[in-house]
Amino acid sequence: MGCVCMKQRLDCENPTVLAAQTYFKVIEIETLYELFRKLSSSIVDDGLISKEEFQLGLFRNSKTQSVFADRIFDMFDSKHDGVIEFEEFVKCLSVFHPEAPRAEKVSFAFHLYDKWQMGFIERDQVKEMVMALLKESDLILSDEIVEAILDKTFEEADLNGDGRIDLEEWNKLVDRNPSLLKNMTIPYLKDITTAFPSFVQKSHLEDDTNN
Numbered sequence: 159m160g161c162v163c164m165k166q167r168l169d170c171e172n173p174t175v176l177a178a179q180t181y182f183k184v185i186e187i188e189t190l191y192e193l194f195r196k197l198s199s200s201i202v203d204d205g206l207i208s209k210e211e212f213q214l215g216l217f218r219n220s221k222t223q224s225v226f227a228d229r230i231f232d233m234f235d236s237k238h239d240g241v242i243e244f245e246e247f248v249k250c251l252s253v254f255h256p257e258a259p260r261a262e263k264v265s266f267a268f269h270l271y272d273k274w275q276m277g278f279i280e281r282d283q284v285k286e287m288v289m290a291l292l293k294e295s296d297l298i299l300s301d302e303i304v305e306a307i308l309d310k311t312f313e314e315a316d317l318n319g320d321g322r323i324d325l326e327e328w329n330k331l332v333d334r335n336p337s338l339l340k341n342m343t344i345p346y347l348k349d350i351t352t353a354f355p356s357f358v359q360k361s362h363l364e365d366d367t368n369n
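Its first residue numbered 159, the sequence shown is counted upward by one per residue in our numbering.
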């Protein structure tokens, strides 16, 4: 039988189990729970992060439209049910942990571009992401420059010349351009209890109060 309410649905996660499945320690899982609880109650207090709450956490504005944020949300939402549960939140953040293997980061970055999960990245998908990132950064480049960037990228990455980039080709591209993974590591995740000490203190105070 499933959890009978949203709060119980959140509390069903076992910190020890999640710690064994990720690169976080138990105390860090508990800290992430407090962060998750704050995000998941920012608009509707239902124990789940909606796309609007996710955008609010990223941009301080739930109405901001972002192709990049949409793709990140889709990656977190592994069940594809339109919301992020605590387990999904922790497991996806784990990929950004400094101790997560390079292979996991490479795969995540690849699937970020592989919008339709076809096992390869097409030119139009890369262009959509590039145009979105330029727009969100308030940068203006002519179509000619954007097309030149795409030409160079595919010339370097598309080793078999089939007009798309598969995971093996992507891996080799990252080998030659390590900076492609620079946003795949969030340093403070290695000691999140120091980054968010107030959450830890609050948790201990609540435990003392309950006891």
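No residue lacks a Cβ here, since even glycine has one placed at the ideal position from N, Cα and C. The structure presented is a predicted model; accordingly, all values stated were derived computationally and were not measured.
Could you give the C-beta distance for residue i and residue j, rounded to a whole number, given that I count them as a contact under 8 Å?
{"i": "Phe234", "j": "Glu294", "result": "Not really, about 19 Å apart at Cβ, beyond 8 Å."}
{"i": "Val288", "j": "Val304", "result": "6 Å"}
{"i": "Asp324", "j": "Phe278", "result": "5 Å"}
{"i": "Val253", "j": "Leu176", "result": "Not quite, the Cβ-Cβ distance comes to about 14 Å (not below 8 Å), so this is no contact."}
{"i": "Leu331", "j": "Ala315", "result": "4 Å"}
Excluding five sequence neighbours on each side, which residues of the same chain lie with their C-beta closer than 7 Å to the C-beta of residue i?
{"i": "Asp365", "result": "Interpretation of Asp365 is limited by its pLDDT of 45, a score under 50 that renders its predicted location unreliable; no figure is taken from the coordinates."}
{"i": "Ser351", "result": "Residue 351 is actually Thr in this sequence, not Ser. Hits under 7 Å: Ile185, Glu186, Thr189, Val358."}
{"i": "Leu397", "result": "For residue 397 there is no data in the structure shown, the boundaries of the chain being 159 and 369."}
{"i": "Pro256", "result": "Thr343, Pro345, Leu347, Lys348"}
{"i": "Tyr191", "result": "Phe244"}
I need the straight-line Cα distance from residue i to residue j, nearest angstrom please.
{"i": "Leu292", "j": "Ser198", "result": "29 Å"}
{"i": "Pro173", "j": "Glu327", "result": "37 Å"}
{"i": "Ile307", "j": "Ser236", "result": "31 Å"}
{"i": "Tyr181", "j": "Pro336", "result": "22 Å"}
{"i": "Lys285", "j": "Lys340", "result": "20 Å"}
{"i": "His269", "j": "Asp204", "result": "29 Å"}
{"i": "Trp274", "j": "Asp333", "result": "24 Å"}
{"i": "Ile298", "j": "Pro259", "result": "35 Å"}
{"i": "Asp301", "j": "Arg281", "result": "14 Å"}
Based on the DSSP output, what are the partners of residue i in its beta bridges?
{"i": "Val248", "result": "Looking at the DSSP assignment, Val248 forms no beta bridge with any residue, so it has no partner."}
{"i": "Val241", "result": "Ser208"}
For residue i, which residues from the same chain have a beta carbon less than 6 Å from its beta carbon, with the 5 sequence-adjacent residues on both sides left out?
{"i": "Lys201", "result": "The question names Lys, yet the displayed sequence has Ile at residue 201. If we look at Ile201 and ignore the five residues flanking it on each side, its Cβ neighbours are Glu210, Glu211."}
{"i": "Asn329", "result": "Val264"}
{"i": "Phe231", "result": "Lys209, Phe212"}
{"i": "Lys360", "result": "Confidence at Lys360 is low in this model, with a pLDDT of 45, below 50, so its placement is unreliable and the value that follows should be read with caution. Nothing listed; no residue qualifies."}
{"i": "Phe266", "result": "Val253"}
{"i": "Lys196", "result": "none"}
{"i": "Phe194", "result": "Phe244, Phe247"}
Are the C-beta atoms of residue i and some chain D residue less than 8 Å apart?
{"i": "His238", "result": "No chain D is part of this structure, which consists of one protein chain only."}
Who are the near neighbours of residue i in its chain, counting only those whose CB is closer than 8 Å to its CB and skipping five residues on each side?
{"i": "Glu246", "result": "Phe234, Asp235, Ser236, Lys237"}
{"i": "Ser224", "result": "Gln213, Leu216, Phe217, Ala290, Glu294"}
Jot down the residue ranges of each uninterrupted alpha helix (DSSP H) in the region 279-349, minimum 4 residues, whole runs only, in chain order. 281-294, 301-315, 325-334
| message | Threshold first: 3 residues or longer. Then list the beta strand (DSSP E) segments lying entirely within the region 254-280, N to C. | response | 278-280
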